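Data first, discussion second: the structure below is written as structure tokens.
Protein chains: 2
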Amino acid sequence: MRDVCIIGIGQTPLGELWDRSLRHLAFDALQAAANDAGLAEAGIDRPDALFVGNMLSARTIDQAQLGALIADFCGWRGIEAATVEAACASGGAAFQAGVRAVASGMVDVAAVCGVEKMTDVGKDEITSALATAADADYEVVHGVTFVALNALVMQRYMYEYDIPHEAFANFAVNAHQNAVNNPNAMFRRAIKAETYNKAAMIAPPVNLFDSSPVCDGAAAAILCPLEMARDLSNVIPVRVLASTTGTDSLNLDDRHDMLSLNAARISVQKAYDIAGVGPEDIDLFELHDAFTIMATLSLEASGFAERGHGTDLARSGEIAIGGRVPICTMGGLKARGHPVGATGVYGIVDAVTQLRGEAGENQVQGAGIAMAQNIGGTGSTVVTHILGV
Amino acid sequence: MRDVCIIGIGQTPLGELWDRSLRHLAFDALQAAANDAGLAEAGIDRPDALFVGNMLSARTIDQAQLGALIADFCGWRGIEAATVEAACASGGAAFQAGVRAVASGMVDVAAVCGVEKMTDVGKDEITSALATAADADYEVVHGVTFVALNALVMQRYMYEYDIPHEAFANFAVNAHQNAVNNPNAMFRRAIKAETYNKAAMIAPPVNLFDSSPVCDGAAAAILCPLEMARDLSNVIPVRVLASTTGTDSLNLDDRHDMLSLNAARISVQKAYDIAGVGPEDIDLFELHDAFTIMATLSLEASGFAERGHGTDLARSGEIAIGGRVPICTMGGLKARGHPVGATGVYGIVDAVTQLRGEAGENQVQGAGIAMAQNIGGTGSTVVTHILGV
Numbered sequence: 002m003r004d005v006c007i008i009g010i011g012q013t014p015l016g017e018l019w020d021r022s023l024r025h026l027a028f029d030a031l032q033a034a035a036n037d038a039g040l041a042e043a044g045i046d047r048p049d050a051l052f053v054g055n056m057l058s059a060r061t062i063d064q065a066q067l068g069a070l071i072a073d074f075c076g077w078r079g080i081e082a083a084t085v086e087a088a089c090a091s092g093g094a095a096f097q098a099g100v101r102a103v104a105s106g107m108v109d110v111a112a113v114c115g116v117e118k119m120t121d122v123g124k125d126e127i128t129s130a131l132a133t134a135a136d137a138d139y140e141v142v143h144g145v146t147f148v149a150l151n152a153l154v155m156q157r158y159m160y161e162y163d164i165p166h167e168a169f170a171n172f173a174v175n176a177h178q179n180a181v182n183n184p185n186a187m188f189r190r191a192i193k194a195e196t197y198n199k200a201a202m203i204a205p206p207v208n209l210f211d212s213s214p215v216c217d218g219a220a221a222a223i224l225c226p227l228e229m230a231r232d233l234s235n236v237i238p239v240r241v242l243a244s245t246t247g248t249d250s251l252n253l254d255d256r257h258d259m260l261s262l263n264a265a266r267i268s269v270q271k272a273y274d275i276a277g278v279g280p281e282d283i284d285l286f287e288l289h290d291a292f293t294i295m296a297t298l299s300l301e302a303s304g305f306a307e308r309g310h311g312t313d314l315a316r317s318g319e320i321a322i323g324g325r326v327p328i329c330t331m332g333g334l335k336a337r338g339h340p341v342g343a344t345g346v347y348g349i350v351d352a353v354t355q356l357r358g359e360a361g362e363n364q365v366q367g368a369g370i371a372m373a374q375n376i377g378g379t380g381s382t383v384v385t386h387i388l389g390v
Numbered sequence: 002m003r004d005v006c007i008i009g010i011g012q013t014p015l016g017e018l019w020d021r022s023l024r025h026l027a028f029d030a031l032q033a034a035a036n037d038a039g040l041a042e043a044g045i046d047r048p049d050a051l052f053v054g055n056m057l058s059a060r061t062i063d064q065a066q067l068g069a070l071i072a073d074f075c076g077w078r079g080i081e082a083a084t085v086e087a088a089c090a091s092g093g094a095a096f097q098a099g100v101r102a103v104a105s106g107m108v109d110v111a112a113v114c115g116v117e118k119m120t121d122v123g124k125d126e127i128t129s130a131l132a133t134a135a136d137a138d139y140e141v142v143h144g145v146t147f148v149a150l151n152a153l154v155m156q157r158y159m160y161e162y163d164i165p166h167e168a169f170a171n172f173a174v175n176a177h178q179n180a181v182n183n184p185n186a187m188f189r190r191a192i193k194a195e196t197y198n199k200a201a202m203i204a205p206p207v208n209l210f211d212s213s214p215v216c217d218g219a220a221a222a223i224l225c226p227l228e229m230a231r232d233l234s235n236v237i238p239v240r241v242l243a244s245t246t247g248t249d250s251l252n253l254d255d256r257h258d259m260l261s262l263n264a265a266r267i268s269v270q271k272a273y274d275i276a277g278v279g280p281e282d283i284d285l286f287e288l289h290d291a292f293t294i295m296a297t298l299s300l301e302a303s304g305f306a307e308r309g310h311g312t313d314l315a316r317s318g319e320i321a322i323g324g325r326v327p328i329c330t331m332g333g334l335k336a337r338g339h340p341v342g343a344t345g346v347y348g349i350v351d352a353v354t355q356l357r358g359e360a361g362e363n364q365v366q367g368a369g370i371a372m373a374q375n376i377g378g379t380g381s382t383v384v385t386h387i388l389g390v
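Protein sequence lines correspond, in order, to chains A and B.
Residues 2 to 390 in the working numbering are what the first sequence spells out, letter by letter.
Residues 2 to 390 in the working numbering are what the second sequence spells out, letter by letter.
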């Protein structure tokens, strides 16, 4: 198995990007990543393969087969290409496919692109499309939406551990604070805890600031074997130390314990074992804060807090840049934005930005090892990557 | 890179399976494959990872995230899982992901399942859903369907090489003949060339027997490293000698030459190079006869016929069992059935059946090397596998 590293990253701004189609967004991110890797200067006119992370395009823009479509639109007609889907964990799963392709020796230069176009359809259709991440036969058939499922988990958490709603505020405050310095973020405005506390309820107890926004965006990375990176690139190669996936039932009611986020526990434990590190070694954690309750459960499942104490970590300020485990350092899903199939690749891109020391005012000092986690459904597929320089 | 082999295969019957849901179909195929591999006897209670090939479920049954869903439904909750999509080449692309995972050393036992549930929606919706394989912005926006796109290619072919419509008859005759002895096939009735010639036109010149049927079905395979297979299994391990993908534009009008099937040429040439074989070494070819024109172009692009002479091969009878290059030996997409995201895995399963000498009355004598090809769109993604014993 070959060691794999990331030699280029790229991203588009996130938001309601009505002037850019899906293929344009993917092109922008991939072009930026290829330029960042210096492929052209190295005489490499195209990657050998493209792995696209996407969840919704067959519904929101009536387009499947994004792999070949985007490869062609980038001027790479002919290369291997496919789409990888695992609901909101599609980006992480596509990145894993890229890592595998290079690790196996079957591909030398792999491109990964997470892309999603969510704002071309109305609210009802996007709500229905997002609900395909839940169990159609056992959950959605009863009329539940994806926000409502997260509300059920949050309600149970608050009841089980006697946690007040305001305990979750700092996840939103932290994300918005970090997004201020991210020029690509959707919401670059800091908020106070009072703003969170006064926000409109969407599906109680989930309020507007507990949930991440619907938006468009694309992020990309270029991968190659470590030995090739040494010759190829002017940038610091970032090594993929572990790439793991865990799963759980789609339907919440079928889990023995809906608060344990078992798929994350499986994925993270494997990742720690493979990388030979533990939570104390992680300098920053790009977690999947689609909802504040998911951020809480992820911190607990990943070994950063005991069960029922995820919000303590938030309240203590230890999740901020400079804290014990900085999370969502460029704004996270909450404030940077959550274009669902792209999100996992944005997390990788943000982690690489930190490890290269290019995060500007948001730089985590001395960042040497970063973890990026991507969650599909209500914790049904969890992909974890540990990266290092 | 580790050598990878197939140690188990499974499939469901194909047809309008209204009594089986998608998850049941996947379970049936995977369970059969796991039993075939003898996993339980070897003390292996589950694979390490599951790769699902599927194109349409987010639209036809409102269900995404099939990886975790099916893993759980098989009793394998927790294992790595994801879906791979490349339109009708989804099954082949998922199989390739499984090969990569094992080859890389990151996964020991990988399960692959192609599954599609097409008959739960009406004709308009399935036509729209299938059209997502074409370019939404440049083709489908004008109202073209997928059958119509194939009709354009067939019309051009007939004009360019002065080929009459009846020249394509033997592709359908051969497929139906081979399906008679396949208990899982959708159409087990032999047809005569006259039946083909008299069939109703769907989108001229594509008639009913030029096109494969909409249906439900699932096929599965279990993969592991060759060294493990030697200890593990009572069956003959079938080696994966090459696994390659080529791409082309989605939209037909953007190709320099719509009759050359360039993605197949790229994929097949790479596969021949990697496996160290040529068309003369291929004992049987499970090609992608979604339409008779695609069978024709595939034979030409894969080195079995000169350009414009694919139908000669059909007319000569050399595509039959016992001929120079037997194709669609268990009925192909035309008569076995074409559940789009599953088709690529059915092709692998049929090839393995032949290589093991288990094809009964349809056995290709002395079959040692088989090729399976899976086409997405009008030749936009082509995945080729060469297998050998």
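Every residue, glycine too, gets a C-beta built ideally from N, C-alpha and C.
Nothing here was measured: the structure is a model prediction, and the numbers come from that model.
Query	Result
Presumed contact (8 Å Cβ cut-off) between T120 (chain B) and E17 (chain B), rounded CB distance	5 Å
Contact check, V239 (chain B) vs F286 (chain B), beta carbons under 8 Å	no
Supposed close pair C114 (chain A), L51 (chain A) - CB separation, criterion 8 Å	7 Å
Option in A:E307, A:I294, A:A371, A:D73 with minimal Cα separation from I328 (chain A)	A:A371
contact_flag[the region 152-167 of chain B, the region 304-324 of chain B] where n(CB pairs < 8 Å) is 3 or more	yes
Which listed residue (B:A132, B:S299, B:R337) has its alpha carbon closest to that of F188 (chain B)	B:R337
Coarse secondary structure for Q64 (chain B), derived from DSSP in three states	coil
Amino acids of chain A, ordered along the chain, whose beta-carbon sits closer than 9 Å to that of L251 (chain B)	Q64, Q66, A69, L70, D73
Interface residues of chain B facing G44 (chain A) [CB-CB closer than 7 Å]	Chain B residues near G44 (chain A): none, gap ~21 Å exceeds 7 Å.
Burial state of D258 (chain A) (16 or more Cβ within 10 Å)	exposed
Local conformation of A43 (chain B) per DSSP, three classes	coil
Range of the contiguous alpha helix (DSSP H) that encloses S299 (chain A)	293-302
Interface residues of chain A facing A321 (chain B) [CB-CB closer than 8 Å]	The premise fails here: A321 (chain B) is roughly 32 Å from chain A at the closest Cβ pair, so nothing lies under 8 Å.
CB contact flag (I62 (chain A), C225 (chain A), <8 Å)	no
DSSP three-state assignment for S212 (chain B), whether helix, strand or coil	strand
Residue range of the unbroken beta strand (DSSP E) whose run includes S244 (chain B)	239-248
Neighbour flag for R60 (chain B) against chain A, beta carbons, 8 Å	yes
Cβ-based contacts, 7 Å cut-off: residues of the region 95-113 of chain B near chain A	A98, R101, A102, A104, S105, G106, M107
CA-to-CA distance, V215 (chain A) to G342 (chain A), given in whole angstroms	11 Å
Given 8 Å, three or more beta-carbon pairs between the region 38-49 of chain A and the region 353-363 of chain A	no
Partner residues on chain A for G377 (chain B), Cβ-Cβ distance less than 8 Å	Q66, A69
F305 (chain B) - DSSP class collapsed to helix/strand/coil	coil
Minimum length 3: unbroken beta strand (DSSP E) runs contained in the region 306-386 of chain A	370-377
Contacts around A265 (chain A), its chain only, beta-carbon distance under 8 Å, and the 5 residues preceding and following it disregarded	G247, L298, S299, A302, S303, Q374, I376, G380, V383, T385
Residue from B:K335, B:N363, B:T330, B:Q366 whose Cα sits closest to the Cα of I349 (chain B)	B:T330
Sub-8 Å separation of V353 (chain B) and L388 (chain B) beta-carbons	yes
Whole beta strand (DSSP E) elements within the region 62-139 of chain B, 3-residue minimum	81-86, 111-117
Boundaries of the beta strand (DSSP E) in which F28 (chain B) is found, first to last residue	First-last for F28 (chain B): 23-38, but that is the alpha helix (DSSP H), not the beta strand (DSSP E).
Nearest to I80 (chain B) (by Cα), restricted to the options B:A368, B:M155, B:L153, B:G68	B:G68
Separation of N182 (chain A) from A30 (chain A), as counted between CA atoms	20 Å
Cβ neighbour criterion (16 or more within 10 Å) applied to P205 (chain A)	exposed
Beta-carbon gap between V100 (chain A) and D49 (chain A) smaller than 8 Å	no
Where P184 (chain B) falls, given that 16 or more other Cβ within 10 Å makes a residue buried	exposed
Start-to-end residues for the beta strand (DSSP E) that takes in L285 (chain B)	285-287
Closest residue to Q355 (chain A) among A:A200, A:N198, A:N179, A:F292 (Cα-Cα distance)	A:N179
Reduced DSSP secondary structure (H/G/I, E/B, other) of A222 (chain A)	strand
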